[in-house]
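Numbering (our numbering), first residue to last: 32 to 283.
Even glycine gets a Cβ: it sits at the ideal position worked out from N, Cα and C.
Inspection log for the structure reproduced underneath, given as structure tokens.
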Amino acid sequence: MSDHILIERAGEAGEINIIRFNRPEKKNAITRAMYAAMAKALVDGDADDTVRVHVMLGTPGAFSSGNDMQDFMAVAMGAEKGTEVLDFLGALAGVKKPVVSGVDGLAIGVGATIHLHCDMTFATPESRFHTPFVDLALVPEAASSLLVPLAIGHQRAFALLAAGIPFSGEEAERAGLIFKTVPAAELEPTVLATATGLAQKPPKALALARRLIKPDTEQVMARMREEADLFAKQLKSAEALAAFQAFMARKK
Ligand code: COA
């Protein structure tokens with residue numbers, strides 16, 4: 032298990048499965064090992080009868096800066112992509128128990144789209160939800176092309192996903208992309224109190240309500256696969272390689 036992802040069971044009986052990014056020196060950029068660790072934590076937590084709720088958290092100032100750019104560049108230059116990203120997204124989209132997330136600061140790329148699969152997301156007002164897919168010559172992923180327009184309408188979805196305009200936590204709340212903003216000092220206590228409250232609900236009724244509320248999982252997975260095919264093609268494009276190289280060279 033990667034120590035860049037910390038897994039912890041909280042609550043009186045260990046009913047809260049906390050998945051926490053722990054790579055602050057890279058703004059919690061996500062490597063293949065980290066995706067694999069998160070997928071396993073979700074699958075294990077779903078299979079464990081003690082667990083009632085999953086929680087996803089970052090570190091102060093960064094939930095996640097998205098996919099690791101070195102990994103992107105390696106694929107752009109011909110390396111094997113692996114299945115970790117899709118395995119993780121599939122596990123997240125298919126998870127049976129509620130997911131509560133907390134964001135302080137950066138939520139970029141998949142660090143933003145993860146929350147589309149969460150049930151309640153809290154963020155600090157100054158957080159930054161940013162999906163610069165097109166600027167990196169990529170396309171939206173994680174079924175965001177389906178879920179974001181459903182959540183916030185076409186024009187705001189286009190602004191976020193295609194024009195790459197960042198949304199603050201406050202704008203994300205106003206648009207309906209996340210549940211609520213809270214001050215930084217209250218973020219983790221609020222997330223954990225919300226998870227504790229959900230863990231006390233009748234689990235079968237909660238699971239049924241959640242299934243009824245959420246979009247059809249098969250439709251979500253189908254869109255994810257469609258996006259992933261286009262994403263993989265774009266990753267190998269000359270325009271994407273140029274964008275990754277520009278990121279790597281930006282401090283020189
Ligand atoms: N992948 C790999 N490393 C990343 C990263 C990413 N997605 N995001 C940040 N880092 C690394 C930086 O390279 C830097 O490492 P270094 O100290 O060894 O040079 C460190 O994290 C801190 O980032 P830095 O850029 O110095 O901080 P910043 O506050 O100026 O900017 C970001 C932070 C996140 C805005 C900027 O790093 C960025 O734009 N990252 C890329 C985000 C992205 O496009 N993700 C993919 C979306 S599809």
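Near ligand 1: residue i beta-carbon under 8 Å from a heavy atom
i       : result
Gln-101 : yes
Pro-246 : no
Ser-132 : no
Asn-53  : no
Ser-96  : yes
Thr-90  : no
Lys-112 : no
Pro-20  : Shown here, the chain extends from 32 to 283; a query on residue 20 therefore has no answer.
Ala-60  : yes
Gly-140 : yes
Glu-157 : no
Lys-232 : no
Lys-57  : yes
Leu-117 : no
Phe-160 : no
Lys-282 : yes
Phe-189 : no
Phe-198 : no
Contacting residues, own chain, Cβ-Cβ under 7 Å from residue i (five flanking each side not counted)
i       : result
Ala-224 : none
Glu-219 : Leu-88 and Gly-133
Met-151 : Val-131, Phe-210 and Thr-225
Ala-190 : Ile-196
Phe-119 : Tyr-66, Met-69 and Ala-70
Pro-284 : No answer is possible for residue 284: it lies beyond the span of the chain, which begins at 32 and ends at 283.
Sequence-distant residues of its chain with Cβ nearer than 6 Å to residue i (five each side left out)
i       : result
Met-32  : Unreliable positioning characterises Met-32 in this predicted model, as indicated by a pLDDT of 46, which lies under 50. A coordinate reading is not provided.
Ala-274 : Leu-167 and Ala-168
Arg-187 : Ala-206
Arg-281 : none
Leu-229 : Val-84 and Pro-129
Phe-160 : Ala-138, Ala-143, Phe-198 and Ala-203
Gly-200 : Ala-154, Thr-155, Pro-156, Ser-158 and Thr-212
Lys-58  : Ala-93, Ser-96 and Leu-137
Close beta carbons around residue i, own chain, < 8 Å, minus the five adjacent residues each side
i       : result
Val-82  : Arg-40, Gly-45, Glu-46, Ile-47, Asn-48, Gly-76 and Lys-128
Lys-112 : Val-106, Ala-263 and Leu-266
Met-100 : Ala-60, Phe-275, Phe-278 and Met-279
Ile-183 : Leu-191, Ala-206, Gly-207 and Leu-208
Extent of the continuous beta strand (DSSP E) to which residue i belongs
i       : result
Val-86  : 84-88
Phe-52  : 47-52
Leu-137 : 137-139
His-161 : 159-161
Phe-164 : Counting along the chain, Phe-164 falls outside any beta strand (DSSP E), and DSSP gives it neither H nor E.
Ala-154 : 151-154
Endpoints, alpha helix (DSSP H) assigned at residue i
i       : result
Ala-103 : It is worth fixing the name first, because residue 103 is Phe in this sequence and not Ala. Note, Phe-103: alpha helix (DSSP H), 100-107.
His-35  : Where His-35 is concerned, there is no enclosing alpha helix (DSSP H), given that its DSSP letter is neither H nor E.
Val-131 : From DSSP, Val-131 is part of no alpha helix (DSSP H) but of the beta strand (DSSP E) over 130-134.
Ala-93  : No alpha helix (DSSP H) holds Ala-93; the beta strand (DSSP E) holding it covers 93-95.
Val-116 : 115-125
Ala-273 : 269-280
Ile-183 : 175-183
Ala-60  : Neither: Ala-60 is in no alpha helix (DSSP H) and is coded neither H nor E.
Could I get the ranges of all uninterrupted alpha helix (DSSP H) runs contained in the stretch 205-248, with 4 residues as the minimum, in chain order?
215-230 and 234-244
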